[in-house]
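Participant: After the structure tokens below, expect a handful of questions from me.
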Amino acid sequence: MAGDTASLGTGLGIFYIGIVTGAMLFGITIMQVYVYYTRYPKDQIYLKISIAALCVFDALHLMACVGVGYRYLIMDACDPAFMSASFWSLRIAPISRMIATRLVQCIYLAGIWKLISQLAGIAQHRRVSRTVAIAVLALLVVTGAVEIITVATIPDLNVQEREWWGWLEMATSAFLDCCITVTMILVINRGLHGGRRMKSLTSTLIQYTIASGLITSLMCITYLVLYVVDTNSFSFGAIEPCISSVYSLSMLAKLNAREHLRQRLSDSPITMDLSRQIEIRQGSGIAVELTKVDIAQPAMSPSQSSTGLASVQSI
Numbered sequence: 001m002a003g004d005t006a007s008l009g010t011g012l013g014i015f016y017i018g019i020v021t022g023a024m025l026f027g028i029t030i031m032q033v034y035v036y037y038t039r040y041p042k043d044q045i046y047l048k049i050s051i052a053a054l055c056v057f058d059a060l061h062l063m064a065c066v067g068v069g070y071r072y073l074i075m076d077a078c079d080p081a082f083m084s085a086s087f088w089s090l091r092i093a094p095i096s097r098m099i100a101t102r103l104v105q106c107i108y109l110a111g112i113w114k115l116i117s118q119l120a121g122i123a124q125h126r127r128v129s130r131t132v133a134i135a136v137l138a139l140l141v142v143t144g145a146v147e148i149i150t151v152a153t154i155p156d157l158n159v160q161e162r163e164w165w166g167w168l169e170m171a172t173s174a175f176l177d178c179c180i181t182v183t184m185i186l187v188i189n190r191g192l193h194g195g196r197r198m199k200s201l202t203s204t205l206i207q208y209t210i211a212s213g214l215i216t217s218l219m220c221i222t223y224l225v226l227y228v229v230d231t232n233s234f235s236f237g238a239i240e241p242c243i244s245s246v247y248s249l250s251m252l253a254k255l256n257a258r259e260h261l262r263q264r265l266s267d268s269p270i271t272m273d274l275s276r277q278i279e280i281r282q283g284s285g286i287a288v289e290l291t292k293v294d295i296a297q298p299a300m301s302p303s304q305s306s307t308g309l310a311s312v313q314s315i
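In terms of UniProt numbering, the sequence shown opens at residue 1 and continues consecutively.
Next comes the structure, spelled out in structure tokens:
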């Protein structure tokens, strides 16, 4: 009994550290939301509403985690019997977390769809990219709805029993993050081409995409491993209060970086890279070969400008 109490106390201590960390991340999220609404007042209305809803669900998730911590750490301090009890904040926490993570993934998919629509390319490639986006969206909506309904209606929800919906949510979130990241990389890499500056912008956008997708995927995988493997501890609770804020920050950081990327795109002249020889055949039969590798242009062409700005806008 003493060993169980000590193990429970350690797990709840880790959960408390997670709550403190989640509160700090939520503070950073609020700051990023303020920066977003200050710098980008002309964004589309759906994006503004989505960011506001994301902030609300992130706050609701943190409040629910604080409620769970209050019940476990103060009202019934380290009582093993209470770990099998069910109460409202224990349901609100996973539901608000699921909605927040799915909302971020939907915003990413909307950006992918917009970028595909604005980029010129082969119709077959567009169809394939859109099919992948629709399939990911369908998986996102179906799994999210099943998980939310299950958590809301399950009679005896508690942290001791590791239910199927817990690992299903994290597994699908990690899988969807990887799919979204790969799709965005392929679309950006295909859409931005030309000179060295455009290649530099492409590299920067891909680095942003990989970083955001990698962080969220690692969070989900770590949560999943602790949830499934460490069944005798509450260690997964250290990550629970942080997940929604990490997803929110991954989205807000990319949105707030657009102005910097646009500035990089427009400040310096574009350099076109001619990797192949170009032959201009005149009517007299004389062939003129252009073999210079780097040709400096005073400004980007309209097609490059629209493509680059569309990609920056849709990240």
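Heads up, the beta-carbon is just placed ideally off N, CA and C, and yes, glycines get one too. Remember, predicted model here, so these are calculated numbers, not experimental data.
Would you kindly work out how many angstroms separate the C-alpha atoms of Y247 and T222, rounded to a whole number?
Facilitator: Looking at the two C-alpha atoms, the distance is approximately 15 Å.
Participant: Following the continuous alpha helix (DSSP H) through I45, name the residue where it begins and the one where it ends.
Facilitator: Per DSSP, I45 belongs to the alpha helix (DSSP H) from I45 to Y70.
Participant: Is the region 235-250 touching the region 91-104, taking contact as three or more C-beta pairs under 8 Å?
Facilitator: Enough Cβ pairs lie closer than 8 Å, so yes.
Participant: Pair every Cβ in the region 233-242 with every Cβ in the region 14-21, then say whether three or more of these pairs are closer than 8 Å.
Facilitator: Contact between the region 233-242 and the region 14-21 is present, because at least three Cβ pairs lie under 8 Å.
Participant: Alpha carbon to alpha carbon, what distance is there between V66 and I149?
Facilitator: Approximately 23 Å between the Cα atoms of the pair.
Participant: DSSP three-state label for V293, please.
Facilitator: Here the model assigns V293 a pLDDT of 41, short of 50, so the residue's position is not dependable, and the following value carries that caveat. In the structure shown, V293 sits in coil (DSSP, three-state: anything other than H, G, I, E or B).
Participant: Taking C-alpha atoms, which residue in C242, Q263, L252 and A257 lies nearest to M24?
Facilitator: Per the Cα distances, C242.
Participant: For A174, which residues in the same chain have their Cβ closer than 6 Å to its Cβ, ignoring the five residues on either side in sequence?
Facilitator: So the list reads S217, C220 and I221, once near-sequence residues are dropped.
Participant: Is the region 207-215 touching the region 132-142, taking contact as three or more C-beta pairs under 8 Å?
Facilitator: Flag = no, the region 207-215 and the region 132-142 do not touch.
Participant: If I follow the unbroken alpha helix (DSSP H) through M251, where does it start and stop?
Facilitator: From DSSP, the alpha helix (DSSP H) with M251 extends over I243 to N256.
Participant: If we call anything under 8 Å between Cβ atoms a contact, is A64 one with S89?
Facilitator: For A64 and S89, yes; Cβs fall inside 8 Å.
Participant: Using a Cβ-Cβ cutoff of less than 7 Å, which residues in the same chain neighbour Y70 once the five nearest sequence positions on both sides are dropped?
Facilitator: None.
Participant: Alpha carbon to alpha carbon, what distance is there between C106 and E147?
Facilitator: Going by the C-alpha atoms only, they are around 16 Å apart.
Participant: One question on the structure: do D177 and G144 come within less than 8 Å of each other, judged by their Cβ atoms?
Facilitator: No. Outside cutoff.
Participant: What three-state label does DSSP hand F87 in the structure shown?
Facilitator: Coil, per DSSP.
Participant: DSSP on E163, reduced to helix/strand/coil?
Facilitator: Correct three-state label for E163: coil.
Participant: Hey, how far is the Cα of V132 from the Cα of T204?
Facilitator: Roughly 24 Å between the two C-alpha positions.
Participant: CB-CB under 8 Å to V151, same chain, minus the five flanking residues each way: which ones, in chain order?
Facilitator: Excluding sequence neighbours, V151 sits near R91, P94, I95, M98, L157 and W165.
Participant: Which class does K114 belong to by DSSP, given the choice of helix, strand or coil?
Facilitator: If DSSP states are grouped into helix, strand and coil, K114 belongs with the helices.
Participant: What does the Cβ neighbour count give for G27, buried or exposed, with the cut at 16 atoms within 10 Å?
Facilitator: Burial call: exposed.
Participant: How is F234 classed by DSSP in three states: helix, strand or coil?
Facilitator: In the structure shown, F234 sits in coil (DSSP, three-state: anything other than H, G, I, E or B).
Participant: In its own chain, which residues sit with a C-beta less than 6 Å from the C-beta of S244, not counting the 5 before and 5 after it?
Facilitator: Answer for S244: D58, H61, R97 and A100, listed in chain order.
Participant: To the nearest angstrom, how far is it from the Cα of L109 to the Cα of T181?
Facilitator: Rounded to the nearest angstrom, the two C-alpha atoms are 10 Å apart.
Participant: Measure the C-alpha to C-alpha separation of Y36 and Y46 and round it to an integer number of angstroms.
Facilitator: The alpha-carbon atoms of Y36 and Y46 are separated by roughly 14 Å.
Participant: What's the C-alpha gap between T10 and V68?
Facilitator: C-alpha separation (whole angstroms): 16 Å.
Participant: Are the CB atoms of V228 and W167 within a distance shorter than 8 Å?
Facilitator: Cβ atoms of W167 and V228: closer than 8 Å.
Participant: With 16 other CB atoms within 10 Å as the buried threshold, where does V20 fall?
Facilitator: Exposed: under 16 other Cβ atoms inside 10 Å.
Participant: Just to confirm, is the Cβ distance from A171 to L224 under 8 Å?
Facilitator: Yes, the Cβ-Cβ distance between A171 and L224 is below 8 Å.
Participant: Exposed or buried, what is T29 when buried is set at 16 or more other beta-carbons lying within 10 Å of its beta-carbon?
Facilitator: T29 should be labelled buried.
Participant: Rounded to a whole number of angstroms, what is the C-alpha to C-alpha distance between F87 and A52?
Facilitator: Rounded to whole angstroms, F87 to A52 spans 27 Å at the Cα level.
Participant: For Y40, name the three-state secondary structure that DSSP assigns.
Facilitator: Coil at Y40, not helix or strand.
Participant: Work out the CA separation of Q263 and K292 for me, nearest whole Å.
Facilitator: Because K292 carries a pLDDT of 41, less than 50, the predicted location of this residue cannot be relied on, and no value is offered for it.
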